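My numbering applies: residue 44 is where the sequence shown begins, and numbers increase by one.
Comments concern the structure below.
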Amino acid sequence: MCATCGCGPNSHHHDHSHDHTHESSPGKKVVDVEQDILQENNLLAQRNRGFFEGRNILAINLVSSPGSGKTSLLERTLTDLKGELSFAVIEGDQQTANDADRIHATGTKVTQINTGKGCHLDAHMVLHAVQGMKLQADSVLFIENVGNLVCPAMFDLGEQERVVVISVTEGEDKPIKYPDMFHSSTLCVINKTDLLPYVKFNVEKAKEYARKVNPQLEIIELSCTSGEGMNLWYEWLKSKVLQPV
44 MCATCGCGPN
54 SHHHDHSHDH
64 THESSPGKKV
74 VDVEQDILQE
84 NNLLAQRNRG
94 FFEGRNILAI
104 NLVSSPGSGK
114 TSLLERTLTD
124 LKGELSFAVI
134 EGDQQTANDA
144 DRIHATGTKV
154 TQINTGKGCH
164 LDAHMVLHAV
174 QGMKLQADSV
184 LFIENVGNLV
194 CPAMFDLGEQ
204 ERVVVISVTE
214 GEDKPIKYPD
224 MFHSSTLCVI
234 NKTDLLPYVK
244 FNVEKAKEYA
254 RKVNPQLEII
264 ELSCTSGEGM
274 NLWYEWLKSK
284 VLQPV
């Protein structure tokens, strides 16, 4: 069970608030009230968003299942665009600082959040991390979420963009298996395209499924290893960065 949101094998969506009424005995009624656990998170997310907007910080929430290549995408991006854009990174994992160490090696400011039994980041964790980072105005903040295509979809962190990363080593039906994540994202990155000759992954089918869930979803195909398609990712990123007034 997730220590943050309480989700587990038998749980359902978090974004709910309704009453359960049970007849326990004649003349006696028992009412269980479930409160929306997202209410406080959403208030803090708005606070985060206001801070980011006030300092012209582009906050990007990177989400995916484990092993899709989020950290590799960040490493190459931070290295290739060093000197062009100012970056900072918040790394989310249940345990270890392995990914944060990889980001630190690029010379980028990074803060690690270990969620323990938690299966996602939330707005309060991001707020706490940001308070200690002294983020530079007119910069880009990448928030690499815990590898999970379910719970992170429900939690607004205050980001301006949500980027879902899938790899060709996964099934092309991920978008229809986990529709909430793809519906709430603005960009889908299909990663590890250099492996296409060796795996059974139908790129066009994956794109069809993704656009069935979210017709407005932008899609970029790339490989962090070969560099193919990285220019499209960089162009998208730069297009979202607001120039300081």
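We put the CB at the ideal spot given by N, CA and C, even for glycine.
If you're wondering where the values come from, they're calculated on a predicted model, not measured in any experiment.
In the DSSP assignment, T122 falls within the alpha helix (DSSP H) that extends over 113-123. In terms of Cα proximity to K160, the closest of I146, N191, I233 is N191.
In the structure shown, L164 falls within a coil segment according to DSSP collapsed to helix, strand and coil. By the C-beta criterion, the stretch 277-284 is judged not to be in contact with the stretch 242-251, since fewer than 3 inter-stretch pairs fall below 8 Å. Cβ neighbours of K255 within its own chain (closer than 8 Å, five residues either side excluded): P218, I219. Counting the other Cβ atoms within 10 Å of the Cβ of L87 gives 16 or more, which makes it buried. Proximity of the stretch 166-181 to the stretch 190-210 meets the contact definition, three or more beta-carbon pairs being nearer than 8 Å. Straight across, the Cα-Cα distance linking T229 with E261 is about 6 Å. Put simply, of V189, E96, G150 the residue whose alpha carbon is nearest the alpha carbon of Q138 is V189. Within the DSSP bridge table, the entry for V173 names no partner.
Distance between M224 and C231, taken at the CA atoms: about 10 Å. Shortest Cα-Cα distance from S107 to any of Y241, G270, I186 involves I186.
K235 sits buried, since 16 or more C-beta atoms from the chains shown fall within 10 Å of its C-beta. Per the C-alpha coordinates, the member of V211, F94, T158, P258 positioned closest to P222 is P258.
Distance from S182 to I100 at the Cβ level is roughly 6 Å; contact confirmed, criterion being Cβ atoms closer than 8 Å.
S111 places its beta carbon 8 Å or farther from that of I263.
Counting the other Cβ atoms within 10 Å of the Cβ of T122 gives fewer than 16, which makes it exposed.
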